[in-house]
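Please read the structure below before turning to the comments.
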Amino acid sequence: MTLMKFAFRYLFYFLYQRVFQCCHCGGWTIRQIIKHFTSSCVLEEPKGCEVWRTEFLNRPNQTATQKAQTDHWFAWQRLNGVTRNLIKLATEIPQQFGPFVKAIENDHPYLGGKSLMSHIQDKTLFVVDLADVSFNEPTLLAPIALFVIYNNLLMPVAIRIDPRKPDNKEVFKPPQLDSDSMDNLRNWVKGRMWFNMLDAQYHESVTHLGFTHLLMDGVSVCMHRNLSERHPIYKLMLPHFRYMHFINDLATKELIQPGGYVDRDMYFGQRNMMKLIAKHNERWSFDEHGSIEKNFRVRGVMDIPGYFFRDDALQLLDAIQKFVHEYVAHYYQEDQEVINDQEIQAFRAELVAPRSLTDVGGCGMLGVPEFDSIANVVNVLTKIIYICSVEHSATNFPQYEQYAFPPNMPAILSGQPELENGVHELDEAMPTGQQIFSTIKIMMVLTTITTNSLGNYETKYLSAMDPAGRRIVQNFQHNLITVRDIINQRNNSIENSVHQINEYPYEWLLPANVRNSISI
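Here our numbering is used: the first residue of the sequence shown is 287, the next is one more, and so on.
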């Protein structure tokens with residue numbers, strides 16, 4: 287039934303793409319794209335389009351509040367969008383902005399009259415550096431952006447799209463909110479748009495494919511090789527790998543093969559995507575990158591206001607950890623039983639074994655603790671379940687909301703940002719109709735619900751557990767209700783608050799919206 291639902295959805299949006307990509311033989315303007323979403327009886331309007339439309343973005347009569355609102359949306363994407371793991375505390379002014387400090391500070395709408403150094407001292411300046419996506423190749427852009435806490439909201443400070451080019455002296459900054467210069471406003475919108483396009487390449491390569499799908503694919507293989515179906519840890523983990531190998535195989539054949547979606551309709555291309563994943567794979571460590579709480583602390587972002595992903599992820603991580611501890615401690619009474627369990631030791635050994643194309647290799651994971659205690663087993667299993675459920679859901683399911691409207695989060699843009707100018711430059715940068723509707727199709731398919739929500743295990747998995755295991759699952763479900771209530775209370779307070787600049791609720795980590803596994 288699930289496969290039929292998936293196939294029908296794919297076929298429907300494949301036909302939808304074929305029909306509408308041909309409606310305009312030339313390029314699509316931003317207004318035409320907005321009109322398509324607002325008049326469609328099939329597609330929901332994605333959030334990116336709603337923000338652009340309701341805040342009159344890039345229109346002459348946009349108000350000061352609307353300008354600030356769209357700037358906050360751009361900053362909000364760094365915290366709660368599809369890539370939420372790059373922003374970090376700035377401890378110095380990045381060298382890419384060194385020659386432009388005075389120009390940035392002069393009449394800046396969100397610095398509050400303070401210098402960048404003052405904000406660094408106050409720990410209110412943050413940076414997102416996407417230089418990684420360039421591999422230091424001249425054909426690829428290497429953007430970097432600064433953000434600041436302003437009136438308890440994260441707001442953008444400045445962007446450089448490619449600071450490596452000596453003849454590119456352009457720094458993008460938000461114009462004064464009372465400015466009526468359309469040239470300045472359009473230039474700033476262009477900077478945000480191109481930055482998001484590079485962010486999209488990082489997201490789909492590293493945040494999504496590389497370190498949820500592919501990483502957990504290897505973990506699942508290690509588990510199936512070494513744990514028998516009767517092993518209690520096998521029964522605990524199996525629901526979190528449901529359909530994963532199927533969807534990974536399909537993605538390999540349809541999306542990331544040479545000439546597929548990534549090559550045709552993304553800026554990066556398949557070759558660069560694989561290179562970026564491989565580059566990060568060399569230094570990925572279970573104890574650092576696999577620990578979301580440590581990752582937050584290392585980046586210095588525990589105190590950023592409005593980082594709702596952080597708040598919700600930590601609550602869910604705590605609920606998962608309590609669940610896993612109760613489960614594992616029921617089946618292992620003492621640490622020595624873990625040490626003596628040959629199956630669980632073999633599982634861990636294969637996780638850390640070097641990768642090999644000739645011999646039977648492992649995942650080559652760094653930083654996996656020895657399985658010499660109940661606590662270490664709980665630690666590892668908690669992080670695996672977190673990645674399969676929370677991390678992937680937060681990475682995958684907002685994709686339509688973010689990517690479907692190209693100006694918000696473009697998978698690809700035309701031209702070069704430093705060469706494009708004039709009143710039509712944003713329209714001229716838009717993808718082709720084929721690329722727009724190809725992305726819509728892919729994002730609609732990738733947000734198909736194919737498995738149960740977190741902790742709500744399918745009957746066949748519950749039936750395989752003994753009564754104690756099922757009771758522990760029920761305790762997990764009760765804890766998730768508490769998490770749900772806290773998130774709902776926060777979101778309700780946001781929706782009912784009255785501010786000049788509105789905050790955006792975050793619902794992607796409500797337990798009902800988190801899937802058990804990387805199933806799509």
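For glycine and all other residues, C-beta sits at the position ideal for the given N, C-alpha and C.
Closer than 7 Å: residue i CB and nearest the ligand FMN heavy atom
i: M552; result: In the structure on display, the ligand FMN does not appear, and there are no ligands present to speak of.
Residues of its chain near residue i, where Cβ-Cβ distance is below 6 Å and the 5 sequence neighbours each way are ignored
i: P449; result: Q382
i: Q601; result: V769
i: F458; result: I445, W474, G477
i: K669; result: G576
i: T315; result: D713
i: I671; result: H526, I606
i: W570; result: none
Neighbourhood of residue i by C-beta, 7 Å cutoff - its chain only, sequence neighbours within 5 removed
i: T538; result: none
i: M729; result: Q685, Y686, Y689, A690
i: L463; result: A350, K353, A354, P395
i: H616; result: A754, I758
i: P703; result: I447, K476, W480
i: T369; result: D485, Y488, H489, T493
i: E456; result: E704
i: L524; result: Y747
i: V731; result: R295, Y296, Y299
i: L375; result: K409, F412, R585, G586, V587
C-alpha distance - residue i paired with residue j, whole-angstrom precision
i: P461; j: I373; result: 23 Å
i: G555; j: R770; result: 39 Å
i: N438; j: E789; result: 10 Å
i: L727; j: I320; result: Residue 727 is actually Lys in this sequence, not Leu. If I take the Cα positions, the gap works out to 17 Å.
i: V331; j: V413; result: Looking at the sequence provided, one finds Glu at residue 331 rather than Val. Roughly 30 Å between the two C-alpha positions.
i: S783; j: D357; result: 19 Å
i: L667; j: F657; result: 11 Å
i: A697; j: D551; result: 7 Å
i: I625; j: E744; result: 31 Å
i: D621; j: N665; result: 14 Å
i: V419; j: D752; result: 48 Å
i: F497; j: I673; result: 8 Å
i: V584; j: I630; result: 31 Å
i: N778; j: P640; result: 49 Å
i: N567; j: Q775; result: 38 Å
Cβ neighbours of residue i in the same chain (closer than 8 Å, five flanking residues each side left out)
i: V548; result: E490, L541, I542, F554, G555, Q556, M559
i: D781; result: The sequence given here has Glu at residue 781, not Asp. Cβ neighbours of E781 beyond the five flanking positions: P791.
i: Q499; result: As written in the sequence, residue 499 is His, which differs from the Gln given in the question. M530, I533, N534, A537, H678, I804, listed in sequence order.
Burial state of residue i, where buried means 16 or more other Cβ atoms lie within 10 Å
i: D393; result: exposed
i: G719; result: buried
i: S467; result: exposed
i: D469; result: exposed
i: K333; result: buried
i: Q721; result: buried
i: L562; result: buried
i: P385; result: exposed
i: M614; result: The sequence as given places Val at residue 614; Met does not occur at that position. With 16 or more other Cβ atoms within 10 Å, it is buried.
i: S325; result: exposed
i: T737; result: buried
i: G708; result: exposed
i: S724; result: buried
i: Q292; result: Strictly speaking, residue 292 in this sequence is Phe, with Gln absent from that position. Looking at its Cβ environment, which holds 16 or more other Cβ atoms inside 10 Å, F292 is buried.
i: D589; result: exposed
Beta-bridge partners of residue i, as assigned by DSSP
i: M441; result: V434
i: V624; result: None, per the DSSP bridge assignment.
i: D645; result: Answer is none; D645 lacks a bridge partner.
i: V413; result: K374, L432
i: F458; result: I445
i: L712; result: In the DSSP output, where bridge partners are listed per residue, L712 has none listed.
i: L652; result: S571
i: S739; result: R801
Minimum Cβ-Cβ distance from residue i to chain D less than 8 Å
i: V587; result: Although the question refers to chain D, the structure presented lacks it and comprises just one protein chain.
Quick check: the segment 496–507 against the segment 580–595, are there 3 or more CB pairs under 8 Å? No: fewer than three Cβ pairs fall under 8 Å.
Assess contact between the segment 476–489 and the segment 429–443, defined as three or more Cβ pairs (one per stretch) separated by less than 8 Å. Is contact present? The segment 476–489, when compared against the segment 429–443, does touch it at the 8 Å Cβ threshold.
Using 8 Å as the cut-off, can you tell me whether the segment 566–575 makes contact with the segment 394–413, which would need three or more C-beta pairs spanning the two stretches below that distance? No contact exists between the segment 566–575 and the segment 394–413.
Quick check: the segment 756–770 against the segment 601–609, are there 3 or more CB pairs under 8 Å? Because the criterion of three Cβ pairs below 8 Å is met, the segment 756–770 and the segment 601–609 touch.
Do three or more CB pairs link the segment 668–686 to the segment 787–803 at distances below 8 Å? Counting Cβ pairs under 8 Å, three or more are found: they touch.
Are the segment 637–656 and the segment 514–526 touching by the rule of at least three beta carbon pairs closer than 8 Å? Output reads no: the segment 514–526 does not touch the segment 637–656.
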